[in-house]
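Undergrad: Here the sequence shown is numbered in our numbering, starting from 230 and rising by one per residue.
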Amino acid sequence: MLSYLIRRLLLVVPTLLGIMTINFAIIQAAPGGPVEQVIAKVRRTQIEATGRISGTGGRELAPTAGAPGEKGGTYRGAQGLSPEFIEEIKKQFGFDRPAHERYVKMVYDFARFDFGRSYFRDRTVMSLIVEKMPVSISLGLWSTLLIYAISIPLGIRKAVRDGSRFDVWTSGVVVFANAIPSYLFAILLIVVFAGGRYFQWFPLRGLTSDDWDTLSFGQQILDYFWHMTLPVLAMVISGFAGLTLLTKNSFLDQIRQQYVLTARAKGLEEKRVLYGHVFRNAMLIVISGFPATLIGILFTGALLIEVIFSLDGLGRLGFEAAVNRDYPVMFATMYVFTLIGLVMKIVEDFTYTLIDPRIDFESRSA
Numbered sequence: 230m231l232s233y234l235i236r237r238l239l240l241v242v243p244t245l246l247g248i249m250t251i252n253f254a255i256i257q258a259a260p261g262g263p264v265e266q267v268i269a270k271v272r273r274t275q276i277e278a279t280g281r282i283s284g285t286g287g288r289e290l291a292p293t294a295g296a297p298g299e300k301g302g303t304y305r306g307a308q309g310l311s312p313e314f315i316e317e318i319k320k321q322f323g324f325d326r327p328a329h330e331r332y333v334k335m336v337y338d339f340a341r342f343d344f345g346r347s348y349f350r351d352r353t354v355m356s357l358i359v360e361k362m363p364v365s366i367s368l369g370l371w372s373t374l375l376i377y378a379i380s381i382p383l384g385i386r387k388a389v390r391d392g393s394r395f396d397v398w399t400s401g402v403v404v405f406a407n408a409i410p411s412y413l414f415a416i417l418l419i420v421v422f423a424g425g426r427y428f429q430w431f432p433l434r435g436l437t438s439d440d441w442d443t444l445s446f447g448q449q450i451l452d453y454f455w456h457m458t459l460p461v462l463a464m465v466i467s468g469f470a471g472l473t474l475l476t477k478n479s480f481l482d483q484i485r486q487q488y489v490l491t492a493r494a495k496g497l498e499e500k501r502v503l504y505g506h507v508f509r510n511a512m513l514i515v516i517s518g519f520p521a522t523l524i525g526i527l528f529t530g531a532l533l534i535e536v537i538f539s540l541d542g543l544g545r546l547g548f549e550a551a552v553n554r555d556y557p558v559m560f561a562t563m564y565v566f567t568l569i570g571l572v573m574k575i576v577e578d579f580t581y582t583l584i585d586p587r588i589d590f591e592s593r594s595a
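1. Please give me, in chain order, every unbroken run of the alpha helix (DSSP H) with length at least 4 that falls completely inside the region 344-394.
2. DSSP state of Pro243, grouped into three classes?
3. DSSP three-state label for Phe429, please.
4. Where does Ala259 fall in DSSP's three states?
5. Could you tell me which of Ile276, Gly447, Tyr348, Leu459 sits nearest to Leu368, measuring between CA atoms?
6. Tell me the residue span of the alpha helix (DSSP H) that contains Ala511.
7. Who pairs with Ala423 in a beta bridge, going by DSSP?
8. Between the alpha carbons of Pro557 and Phe322, how many angstroms are there, rounded?
9. Among residues of its own chain, excluding the 5 on either side of Leu357, which ones have a beta-carbon nearer than 7 Å to its beta-carbon?
10. Measuring alpha carbon to alpha carbon, tell me which residue in Thr582, Ile575, Ser479, Met563 is nearest Phe342.
11. Could you tell me the distance, in whole angstroms, from the CA atom of Gln308 to the CA atom of Leu462?
12. How many Å lie between Pro189 and Lys320 at the Cα?
13. Confirm, please, whether the CB-CB distance from Ile534 to Val465 is below 7 Å.
14. For the region 531-571, which segments carrying the alpha helix (DSSP H) assignment without a break, of at least 4 residues, lie completely within its bounds, in sequence order?
15. Whole-angstrom Cβ separation of Tyr332 and Phe253, contact assumed at under 8 Å?
16. Looking only at C-alpha atoms, which of Ile516, Arg554, Arg394, Ser445 sits nearest to Ser613?
17. Return helix, strand or coil for Ser438, following the three-state DSSP convention.
18. Counting pairs of beta carbons, one from the region 434-443 and one from the region 488-504, are three or more of them closer than 8 Å?
19. Which of the three DSSP states, helix, strand or coil, is assigned to Arg272?
20. State the CB to CB distance for the pair Ser467 and Ile416, rounded to an integer number of angstroms; the pair is presumed to be in contact (CB under 8 Å).
21. Leaving out five residues on either side along the sequence, give the residues of the same chain with a beta carbon under 6 Å from the beta carbon of Ser438.
22. For the alpha helix (DSSP H) containing Asp482, list its first residue and its last residue.
23. Do Phe344 and Met355 have their C-beta atoms closer together than 7 Å?
24. Kindly indicate which residue of Ala406, Ala511, Gly542, Met573 has the alpha-carbon position closest to the one of Phe469.
25. Take His329 as the anchor and find which of Ile315, Leu418, Gln257 has the nearest alpha-carbon.
26. If you draw a straight line from the C-alpha of Tyr304 to the C-alpha of Val267, how long is it?
27. Hey, out of Tyr581, Leu481, Thr567, whose CA is closest to Leu246's CA?
28. According to the neighbour-count rule (16 or more other Cβ atoms, all chains shown, within 10 Å of its Cβ), is Gly261 buried or exposed?
29. Where Ile514 and Gln483 are concerned, what is the direct C-alpha to C-alpha distance, given to the nearest angstrom?
30. I'd like the list of long-range same chain contacts for Val489, defined as Cβ closer than 7 Å, with 5 residues on each side in sequence excluded.
31. For the 8 Å Cβ check, are there 3 or more pairs between the region 387-403 and the region 438-447?
32. Residues in the same chain with beta-carbon distance under 6 Å from Asp325, minus the five sequence neighbours each way, listed in chain order, please.
33. For Ser411, count neighbouring C-beta atoms within 10 Å of its own C-beta (all shown protein chains included) and say buried if the count is 16 or more, exposed if not.
34. On a Cα-Cα basis, can you pick out the residue from Met249, Ala388, Val364 that is closest to Ser539?
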């Protein structure tokens, strides 16, 4: 297992390099980079100062936020943007060098976990990531754990009581929950429980209260979970449905196997058959979805929840960086998410061996 682990860790390097190379190429080809945004902002400022745009025939044209080099009406103040000023802006953002040099520098810096400084926040990217990381980890970890804590027991019980009234009405609940988008359920929770219209039992925003530093340790824990309740519930509602059905179908498939019939024929107790034989085999496919569930929550589900509940996490940070073309923050968040995903895949393999020691990755890779 040790040699397999070493090979997997070594494989992380080219995989990470390939993903970052593709992202770098795509982002370089995208229009409206940071230089263009700064120039457009300067031009808008000049328009606001002059209050008009010069056009043909002395007519006033409506302001248009065109990109540099765009044809059509031109700003009166745009004539003051000298080539030297534009080159200074490019140098400030590092775009005075060719793309391949910027790429090599990025790879070298990222290998040392040096993500540089944000273009528009005047802070190091690492400090931003460290500041936002607790929110994303809290949402992803608690949501994933709660999803598995609900889905696995529920799926097992549905499999054991397949076709019963319990199976039918819980299937209706699962299908209904799966049809509700997490962001819509989050709005419903705010309206009902966060002072939107009915009750004000939970806070509306933030991860902790303003006086969190003055609370005792026990009160800090309660305050933390008090703030996390609604966001986590909103992310769980649409996440546990698929895993519940996967668990049920996996157990049903194993229950119908010949070895289960043999174990029952030998007189073994049902619980021993279920949890001593079926559980180990049925849980393999369920555990395999753990990394995808966690990464999916961090990448997609957390973004809207962070915006709705005013939680300043990595998802929101990456989205704002993409909108503002803050390239250092964009690349850093993608790098962190990709690295977490690759590490989780290795953790998944170890989980396989813990559940079923018969699995030998060494022989498979030999």
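Note that CB positions come from ideal geometry on N, CA and C, so glycine has one too.
TA: On the basis of the data shown:
1. 354-389
2. Along the sequence shown, read from residue 1 onward, the residue named residue 243 stands at position 14. Correct three-state label for Pro243: helix.
3. Within the sequence shown, the letter at position 200 stands for residue 429. The question names Phe, but residue 429 in the sequence shown is Gln. Strand at Gln429.
4. Start at 1 with the first residue of the sequence shown, and residue 259 comes out as number 30. Three-state result, Ala259: coil.
5. On the sequence shown, residue 368 is found 139 positions in, with the first residue counted as 1. Closest by alpha carbon: Leu459.
6. Looking up residue 511 in the sequence shown gives position 282. Its alpha helix (DSSP H) spans residues 508-516.
7. To locate residue 423, count along the sequence shown from 1; it is residue 194. Paired residues: Gln429.
8. If you number the sequence shown from 1, residue 557 lands on position 328. If you number the sequence shown from 1, residue 322 lands on position 93. Approximately 10 Å, taken between the alpha carbons.
9. Looking up residue 357 in the sequence shown gives position 128. Cβ neighbours of Leu357 beyond the five flanking positions: Ser347, Arg350, Leu546, Val558.
10. If you number the sequence shown from 1, residue 342 lands on position 113. Phe342 has its Cα closest to that of Met563, out of Thr582, Ile575, Ser479, Met563.
11. In the sequence shown, the residue the question calls residue 308 occupies position 79. In the sequence shown, the residue the question calls residue 462 occupies position 233. Legend: pLDDT at Gln308 = 47, less than 50; position of this residue unreliable, value from coordinates given subsequently. Distance between the alpha carbons of Gln308 and Leu462 is about 55 Å.
12. Because residue 189 is not part of the residues shown, which for the chain are 230 to 595, the question remains open.
13. By 1-based counting over the sequence shown, the position of residue 465 is 236. By 1-based counting over the sequence shown, the position of residue 534 is 305. No. Outside cutoff.
14. 531-537, 543-553
15. Counted from its first residue, the sequence shown places residue 332 at position 103. Counted from its first residue, the sequence shown places residue 253 at position 24. Rounded, the Cβ-Cβ distance is 6 Å, consistent with contact.
16. The chain is shown only over 230 to 595; residue 613 falls outside these bounds and no answer can be derived.
17. Along the sequence shown, read from residue 1 onward, the residue named residue 438 stands at position 209. If DSSP states are grouped into helix, strand and coil, Ser438 belongs with coil.
18. no
19. As a working mapping, residue 272 is identified with position 43 in the sequence shown. It is helical.
20. As a first step, residue 467 is located in the sequence shown; it is residue number 238 there, counting from the start. As a first step, residue 416 is located in the sequence shown; it is residue number 187 there, counting from the start. In fact, because the Cβ distance is near 13 Å, the residues do not count as touching under 8 Å.
21. Residue 438 sits at position 209 when you count from the first residue of the sequence shown. Here the set comprises Asp452.
22. Translated into the one-based positions of the sequence shown, residue 482 becomes position 253. First-last of the alpha helix (DSSP H) with Asp482: 469-484.
23. Here residue 344 is taken as the residue at index 115 of the sequence shown, counted from 1. Here residue 355 is taken as the residue at index 126 of the sequence shown, counted from 1. Yes, the Cβ-Cβ distance between Phe344 and Met355 is below 7 Å.
24. The count along the sequence shown starts at 1 and reaches residue 469 at position 240. Of the candidates Ala406, Ala511, Gly542, Met573, the one whose C-alpha sits nearest the C-alpha of Phe469 is Ala406.
25. Taking the first residue of the sequence shown as 1, we reach residue 329 at position 100. Checked all of Ile315, Leu418, Gln257; the closest Cα to His329 is Gln257.
26. The residue you call residue 304 lines up with position 75 of the sequence shown. The residue you call residue 267 lines up with position 38 of the sequence shown. Residue placement at Tyr304 cannot be trusted, given a pLDDT of 35 that sits under 50; what the coordinates show is reported in the next sentence. Going by the C-alpha atoms only, they are around 15 Å apart.
27. As a working mapping, residue 246 is identified with position 17 in the sequence shown. Of Tyr581, Leu481, Thr567, the residue nearest in Cα terms is Thr567.
28. Start at 1 with the first residue of the sequence shown, and residue 261 comes out as number 32. Classification for Gly261: exposed.
29. For the purposes of this step, residue 514 is identified with residue 285 of the sequence shown, where counting begins at 1. For the purposes of this step, residue 483 is identified with residue 254 of the sequence shown, where counting begins at 1. One C-alpha to the other measures close to 12 Å.
30. For the purposes of this step, residue 489 is taken as residue 260 along the sequence shown, with counting starting at 1. These residues qualify, in order along the chain: Gln483, Val502, His506, Val507.
31. no
32. Your numbering for residue 325 matches position 96 in the sequence shown. Lys319.
33. Counting from 1 along the sequence shown, the entry for residue 411 is found at position 182. Counting Cβ neighbours within 10 Å, Ser411 comes out buried, since at least 16 surround it.
34. Position 310 of the sequence shown, counted from the start, is the residue given in the question as residue 539. It is Val364.
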